[in-house]
Amino acid sequence: KQEVTQIPAALSVPEGENLVLNCSFTDSAIYNLQWFRQDPGKGLTSLLLIQSSQREQTSGRLNASLDKSSGRSTLYIAASQPGDSATYLCAVRPMDSSYKLIFGSGTRLLVRP
Amino acid sequence: DVKVTQSSRYLVKRTGEKVFLECVQDMDHENMFWYRQDPGLGLRLIYFSYDVKMKEKGDIPEGYSVSREKKERFSLILESASTNQTSMYLCASSSPGLSSYNSPLHFGNGTRLTVT
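Going down the list, the protein sequences come from chains L and Y.
Note that the numbering used here has the first sequence beginning at 2, numbered continuously upward.
Note that the numbering used here has the second sequence beginning at 204, numbered continuously upward.
So, in structure tokens, the structure goes:
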């Protein structure tokens with residue numbers, strides 16, 4: 002059974018710092034991995050999607066990598082800003098259940114001014 | 204940009220009431236989903252639909268039903284609301300596109316339902 006883990010559960014950094022959020026999954030048979038952002042009391046916003054054949058995707062200050070064989074993905078945020086404060090979730094689409102996403106429990110990020 | 208709209212941000216209902224949560228997307232997406240999100244349990248899939256009038260159970264369908272009469276609208280129904288259905292409900296949609304498994308999921312802003 003696919004499981005997705007995000008460590009740490011919470012992270013606090015000073016503004017301007019570069020940071021890495023981690024996501025691990027137990028079964029490498031996936032179609033893709035997606036990173037989301039969730040602000041308090043709101044829905045999820047899709048940030049990046051990495052297909053299983055890709056190694057990384059970039060959008061602005063965000064860079065997501067995927068190492069399928071080791072079951073790991075990282076989300077790199079450059080030059081963090083207070084506006085980056087949110088919960089970041091990763092989710093995988095398993096090959097044995099193509100409509101479903103399996104979500105991690107998220108990392109709550111606080112960027113201090 | 205894809206827009207997924209959930210009709211209510213906050214709802215308060217009484218135990219035993221029939222509750223309708225509505226979701227509309229404007230991008231002609233075939234796939235639509237209902238999740239609930241609870242602290243410590245993360246997001247759990249309730250139901251999904253891959254076409255009009257088609258539906259599939261997710262991981263926790265008990266106590267819920269759904270309706271998809273039109274492509275753009277996917278409704279979640281709580282037949283008889285109970286306190287353990289107090290939660291954040293999130294609707295999402297995606298398009299099969301040319302490579303169906305690599306279509307990103309787009310979420311609405313959620314409905315915070317409280318059942319008293």
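A virtual CB, placed ideally from N, CA and C, is assigned to each residue, including glycine.
Keep in mind the model is a prediction, meaning the values are calculated, not measured.
I'd like to confirm the pairing. Which residues does DSSP put opposite residue i in its beta bridges?
{"i": "T27(L)", "result": "DSSP output for T27(L) lists no bridge partner at all."}
{"i": "A87(L)", "result": "L110(L)"}
{"i": "P15(L)", "result": "R113(L)"}
{"i": "K273(Y)", "result": "R276(Y)"}
{"i": "K164(Y)", "result": "Coverage of chain Y is limited to positions 204 through 319, which leaves residue 164(Y) absent and any answer about it impossible."}
{"i": "K260(Y)", "result": "Y250(Y)"}
{"i": "E57(L)", "result": "S66(L)"}
Near residue i, what residues of its chain come up, given a Cβ to Cβ distance below 8 Å and the 5 sequence neighbours on each side ignored?
{"i": "I263(Y)", "result": "R239, R247, L248, I249"}
{"i": "L214(Y)", "result": "V222, L224, T314, R315, L316, T317"}
{"i": "L12(L)", "result": "L20, L22, T108, R109, L110, L111"}
In chain order, what residues of the same chain lie with their CB nearer than 6 Å to the CB of residue i, ignoring the 5 residues before and after it?
{"i": "A79(L)", "result": "N19, R62"}
{"i": "P114(L)", "result": "E16, P83"}
{"i": "D229(Y)", "result": "K206"}
{"i": "D241(Y)", "result": "S290"}
{"i": "V227(Y)", "result": "T208, E275, R276"}
Return the chain-ordered list of same chain residues with a C-beta closer than 7 Å to the C-beta of residue i, the five sequence neighbours on each side being excluded.
{"i": "V269(Y)", "result": "W237, Y250, S252, K258, F277, S278, L279, I280"}
{"i": "T6(L)", "result": "S25, G105"}
{"i": "K2(L)", "result": "none"}
{"i": "A87(L)", "result": "R38, Q39, D40, L110"}
{"i": "I103(L)", "result": "Q3, V5, A92, V93, P95"}
{"i": "N305(Y)", "result": "none"}
With residue i and residue j assumed to form a contact (beta carbons below 8 Å), what rounded beta-carbon distance in angstroms separates them?
{"i": "T319(Y)", "j": "R217(Y)", "result": "6 Å"}
{"i": "I51(L)", "j": "A65(L)", "result": "6 Å"}
{"i": "M235(Y)", "j": "R271(Y)", "result": "7 Å"}
#### Entry: Residues of the segment 250-261 of chain Y whose Cβ lies closer than 9 Å to any Cβ of chain L, in chain order
F251, Y253, E259, G261
### Query
Of the residues that make up the segment 265-292 of chain Y, which ones have a beta carbon closer than 7 Å to any beta carbon in chain L?
none
### Message
Assess contact between the segment 303-313 of chain Y and the segment 38-52 of chain L, defined as three or more Cβ pairs (one per stretch) separated by less than 8 Å. Is contact present?
### Response
The segment 303-313 of chain Y vs the segment 38-52 of chain L: in contact.
### Task
Evaluate contact between the segment 71-83 of chain L and the segment 216-228 of chain Y, counting only Cβ atoms and requiring at least three cross-stretch pairs below 8 Å.
no
### Message
Contact between the segment 90-100 of chain L and the segment 22-31 of chain L is defined here as three or more beta-carbon pairs at a separation below 8 Å; is this criterion met?
### Response
Verdict: yes, contact present.
### Members of the segment 74-88 of chain L that neighbour chain Y once the beta carbon cut-off is set at 7 Å
Within the segment 74-88 of chain L, no residue has a Cβ that lies closer than 7 Å to any Cβ of chain Y.
### Message
For the segment 27-56 of chain L, list every residue whose C-beta sits within 8 Å of some C-beta in chain Y, in sequence order.
### Response
Y32, N33, Q35, F37, G42, K43, G44, L45, T46, S47, L50, Q52
### Task
Please name the residues in the segment 100-112 of chain L whose beta-carbon is closer than 8 Å to at least one beta-carbon of chain Y, in chain order.
Y100, K101, L102, F104, G105, S106, G107
### Query
Which residues, in chain order, does the segment 208-226 of chain Y contribute to contact with chain L at a C-beta distance below 7 Å?
none
### Task
Would you list, in chain order, the members of the segment 227-251 of chain Y that have their beta-carbon closer than 9 Å to a beta-carbon of chain L?
The segment 227-251 of chain Y vs chain L, Cβ under 9 Å: N234, F236, Y238, Q240, G243, L244, G245, L246, R247, L248, F251.
### Query
According to a CB-to-CB cut-off of less than 9 Å, which residues of the segment 304-315 of chain Y neighbour chain L?
Y304, N305, S306, P307, L308, H309, F310, G311, N312, G313, R315
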